[in-house]
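In my numbering, the protein residues as written are 127 to 281.
Glycine included, every Cβ here is placed at the ideal spot set by N, Cα and C.
I have placed the structure first, in the form of structure tokens, so that the comments after it can refer back to it.
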Amino acid sequence: MAALRKYLRGGGALFVNDFWSAEEWDGFASEIRRALPELEWRDLDTDHPLFSAVYPLRAPMRELQVPTIQFWNQDHDPRDPQSPLQRVFRGEGSEEMHVRALHDEHGRMLAVAIHNSDVSDGWEREGENEEYFNRYSERIAYPLGINIIVYLMTH
């Protein structure tokens, strides 16, 4: 934890995603608190500049949620391209996506955590399913990832 603290306090940044439920959030936040006990996580709304650093992502948060591809493959109806994402219960508090940030005393964002969403599946699995790629990688995962990187590097 000392190394993480030194890294973040020295100008580094942390991005975390693909963890679901209140229990997993509590475990993660508890570990980060060991490194940075003086800082508190804050929820970001889509009106935060991070969501428009390069690409405008002003949709409601639930429309930015990226499902894990394995659950999407199980629950998605390929005959109906407009079928809604079937929310898979992954523990208490797993239904809603949250984007949270940790800021230092000067307002610099040290960490971004995307909870109850699997943005990285949009980067890792774009070749596995064309419809998943079109719906999540192109429209959400790549733009959000680019926005996060650009925002962290310029603020």
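Starting from D169, trace the beta strand (DSSP E) both ways and give me its first and last residue. In the DSSP assignment, D169 falls within the unbroken beta strand (DSSP E) covering W167 to D169.
On the premise that G248 lies in contact with A227, defined as a C-beta separation below 8 Å, what is that separation, rounded to the nearest angstrom? The C-beta distance from A227 to G248 rounds to 20 Å, too long to fall under 8 Å, and the pair is not in contact.
For F145, three-class secondary structure by DSSP: Three-state DSSP puts F145 in coil, outside helix and strand.
M127 burial status per 10 Å Cβ neighbour count (16 or more: buried): It is exposed - the Cβ of M127 has fewer than 16 other Cβ atoms within 10 Å.
For my contact list, F145 and I274 are in at a C-beta cut-off of 8 Å; report their separation, rounded to the angstrom. The Cβ separation is near 16 Å, so there is no contact.
Per DSSP, L140 forms a beta bridge with which residues? L140 is bridged to A237.
Do the stretch 154-164 and the stretch 253-261 make contact, defined as three or more Cβ pairs closer than 8 Å? Between the stretch 154-164 and the stretch 253-261, the count of C-beta pairs closer than 8 Å stays below three; the two stretches do not touch.
Please report the straight-line C-alpha distance between W167 and E189, rounded to a whole angstrom. Taking the Cα positions, W167 is about 22 Å away from E189.
Environment of D244 [buried if 16+ CB atoms lie within 10 Å]: When all chains shown are included, D244 counts as buried.
Grab me the residues of S246's own chain with a C-beta within less than 7 Å of its C-beta, minus the 5 sequence neighbours each way, in chain order. If we look at S246 and ignore the five residues flanking it on each side, its Cβ neighbours are N143 and D144.
Identify which residue in H224, A239, L170 and R184 has its Cα closest to the Cα of P269. The option with the nearest alpha carbon to P269 is R184.
Boundaries (first-last residue) of the alpha helix (DSSP H) holding L228: Looking at the DSSP string, L228 is not in any alpha helix (DSSP H); the run it does join, the beta strand (DSSP E), is H224 to H229.
Identify whether T280 lies in helix, strand or coil by the three-state DSSP scheme. Reduced to three states, the DSSP call for T280 is helix.
For P186, which option in G138, F154, D206 and V225 has the closest C-alpha, if you only look at C-alpha atoms? Closest option to P186, Cα to Cα, is V225.
Please report the distance separating the alpha-carbon of A139 from that of P163. The alpha-carbon atoms of A139 and P163 are separated by roughly 17 Å.
Are the Cβ atoms of S147 and E218 separated by less than 8 Å? Yes.
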